[in-house]
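Student: Handing you this structure, nothing more for now.
In my numbering, the protein residues as written are 894 to 1292.
Written out as structure tokens, the structure is:
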């Protein structure tokens, strides 16, 4: 039987697990790469020269700290105090760049000359191409062929930045398939290539490393909230979850604050019972996906079920292992929002606050009416990205 102390630990342990989830289930050819990263990442991150360069770039290049904005009209509508963490104002338009800055510095210190990445909505691809241009490293981005069609502006940005965009044409031709192709590339180029995974997924130490780079989000929320309301902890932190890097960053410094409710919102697609959904915790079960034990949507014989979402960034059949543990342990509340609910929430924010959110972030906004927050409580929503890339979709809903 687990001790109380173990039950309250939501960070990775020294074996690379969050509770029963995590680990490194990888082909033998990848073992040297992953082991090299595992042996070095904590030491590199803790090095004062790394910290200085990382923080300088976050401040002067990315544009941090991002604002914590009180959404007055939205607060009035839902009769509670709603704050938006404006990750949409980061350079490149989303939180993804926090991680790519950290990982490109890591790759340099490990002597890597080429970067490979996967992308869904294209924001991670753009952020990776951006830091590769900044540091003069070769960049190859795998993207599902379907996502290339529906995220054309981001494809153009990646190419302008000098990245080679390679389509993933197998399976559902979305994020899962792009991740498969990127991993295959890494297996074939193990010595000189670093794989910048864009979310808190993959083999250990990736979920922990990405969460550490994204933890700047919740670090800022704490001191910004104190400036606004006189205390560092909100009553709710809400974030969308596909793989879950923006949520991991928003939750990070509140994990042990049991009075802070952590709310993750998955993509229900056309509905939980339609067969066209990406709501992993509602529809999935434990298994191994992309190098870690987590919760994923799968058939009885273990075949991955193709996910569906209007949002390319949430169109993934699993979640990161830390999120799987937050769900199983009960520390996090996992809800879902349909495509229609997300679009409606996007228009609601736009018309009430003059902020056009990414479709991913709109899923987090869509559950505000279901929280049950009182007028005396504080809700922080991580607005993980801006909606420029989704205008083609939004235009279909404009009369």
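Virtual Cβ for every residue (Gly too), placed ideally from N, Cα, C. Given the structure is predicted, the values throughout are model-derived calculations rather than measurements.
Given this structure, state the Cα-to-Cα distance separating residue 903 from residue 1149, to the nearest angstrom.
Tutor: For residue 903 and residue 1149, the distance between alpha carbons rounds to 8 Å.
Student: Per DSSP, residue 1159 forms a beta bridge with which residues?
Tutor: Residue 1159 pairs with 1229.
Student: Alpha carbon to alpha carbon, how far is residue 1258 from residue 1275? Give it in angstroms, no decimals.
Tutor: Spanning the two alpha carbons is a distance of roughly 9 Å.
Student: Measuring CB atoms only, is the segment 985 to 995 touching the segment 1103 to 1123, in the sense that at least three cross pairs come out at less than 8 Å?
Tutor: Contact holds: three or more Cβ-Cβ distances are below 8 Å.
Student: Since I believe residue 1211 is in contact with residue 1262 (beta carbons under 8 Å), could you give me their beta-carbon distance rounded to a whole number of angstroms?
Tutor: Incorrect: roughly 28 Å between the Cβ atoms, too far for contact.
Student: Does the segment 916 to 927 come within contact of the segment 1078 to 1092, defined as at least 3 CB pairs closer than 8 Å?
Tutor: With a cut-off of 8 Å, the segment 1078 to 1092 and the segment 916 to 927 count as touching, because enough Cβ pairs lie within range.
Student: Does the beta-carbon of residue 1136 have 16 or more other beta-carbons within 10 angstroms, so that it is buried, or is it exposed?
Tutor: Buried, because 16 or more other Cβ atoms sit within 10 Å of the Cβ of residue 1136.
Student: Strictly under 9 Å for the Cβ-Cβ distance: is residue 1287 near chain C by that measure?
Tutor: In the structure shown, chain C does not exist; there is a single protein chain.
Student: Pull up the distance between the alpha-carbon of residue 1063 and that of residue 1050, whole angstroms please.
Tutor: Approximately 24 Å, taken between the alpha carbons.
Student: Name the DSSP bridge partner or partners of residue 1011?
Tutor: Answer is 1035, bridged to residue 1011.
Student: What residues are listed by DSSP as bridge partners for residue 1087?
Tutor: DSSP, once it has assigned bridges, lists 1008 as partnering residue 1087.
Student: Would you call the segment 972 to 985 and the segment 1028 to 1042 touching, i.e. three or more CB-CB distances under 8 Å?
Tutor: Taking 8 Å as the limit for Cβ pairs, the verdict is that the segment 1028 to 1042 does not touch the segment 972 to 985.
Student: Residue 1069 by DSSP, collapsed to three states: which one?
Tutor: If DSSP states are grouped into helix, strand and coil, residue 1069 belongs with the helices.
Student: Sorted by chain position, which residues of the same chain lie with C-beta nearer than 8 Å to residue 1281's C-beta, five sequence neighbours on each side aside?
Tutor: Taken in chain order, the residues that qualify are 986, 1046, 1249.
Student: Using a Cβ-Cβ cutoff of less than 8 Å, which residues in the same chain neighbour residue 1055 once the five nearest sequence positions on both sides are dropped?
Tutor: Closer than 8 Å at Cβ, skipping near neighbours: 1022, 1025, 1026, 1032.
Student: Taking just the CA atoms, how far does residue 1195 sit from residue 1239?
Tutor: Roughly 35 Å between the two C-alpha positions.
Student: What does a CB cutoff of less than 7 Å around residue 1235 pick up in its chain, not counting 5 residues either side in sequence?
Tutor: Around residue 1235: 1203, 1204, 1252, 1255, 1256, 1259.
Student: So, helix, strand or coil for residue 1285, using DSSP?
Tutor: Residue 1285 falls in the helix class under three-state DSSP.
Student: Just curious, the beta strand (DSSP E) that residue 976 is in, first and last residue?
Tutor: Taken as a continuous stretch (DSSP letters only), the beta strand (DSSP E) holding residue 976 covers 974 to 979.
Student: If contact is defined by three or more beta carbon pairs under 8 Å, each pair taking one atom from either stretch, is the segment 958 to 967 in contact with the segment 1107 to 1118?
Tutor: The segment 1107 to 1118 is in contact with the segment 958 to 967.
Student: Could you give the first and the last residue of the continuous beta strand (DSSP E) run that contains residue 1179?
Tutor: Note, residue 1179: beta strand (DSSP E), 1178 to 1182.
Student: Per DSSP, what kind of secondary structure is residue 1291 in: helix, strand or coil?
Tutor: Residue state, collapsed to three classes: coil.
Student: Would DSSP call residue 930 helix, strand or coil?
Tutor: Reduced to three states, the DSSP call for residue 930 is helix.
Student: Consult DSSP for residue 1060 and reduce its assignment to one of helix, strand or coil.
Tutor: DSSP places residue 1060 in strand when its eight states are reduced to three.
Student: Would you kindly work out how many angstroms separate the C-alpha atoms of residue 1277 and residue 1184, rounded to a whole number?
Tutor: Taking the straight line joining both Cα atoms gives about 25 Å.
Student: Can you list, in chain order, the residues of its chain whose CB lies under 8 Å from that of residue 1191, leaving out five sequence neighbours each side?
Tutor: So the list reads 1177, 1178, 1180, 1197, 1198, 1210, once near-sequence residues are dropped.
Student: Going by C-alpha to C-alpha distance, which of 1128, 1223, 940, 950 sits closest to residue 1264?
Tutor: When each option's Cα is compared against that of residue 1264, the closest is 1128.
Student: Less than 9 Å separating the beta-carbons of residue 1068 and residue 1011?
Tutor: Result yes, Cβ atoms of residue 1068 and residue 1011 sit closer than 9 Å.
Student: Tell me, to the nearest whole angstrom, how far the beta carbon of residue 1213 is from that of residue 1093; I am working on the premise that it is less than 8 Å.
Tutor: Contact flag correct, Cβ pair sits at about 3 Å.
Student: Suppose only complete runs of 3+ residues qualify. What are the beta strand (DSSP E) ranges in the segment 1121 to 1152, listed by chain order?
Tutor: You should have 1129 to 1133.
Student: Would you kindly report the start and end of the unbroken alpha helix (DSSP H) that includes residue 1254?
Tutor: 1252 to 1258 is the extent of the alpha helix (DSSP H) around residue 1254.
Student: Could you please give the first and the last residue of the uninterrupted alpha helix (DSSP H) stretch that includes residue 1029?
Tutor: Per DSSP, residue 1029 belongs to no alpha helix (DSSP H) and is neither H nor E.
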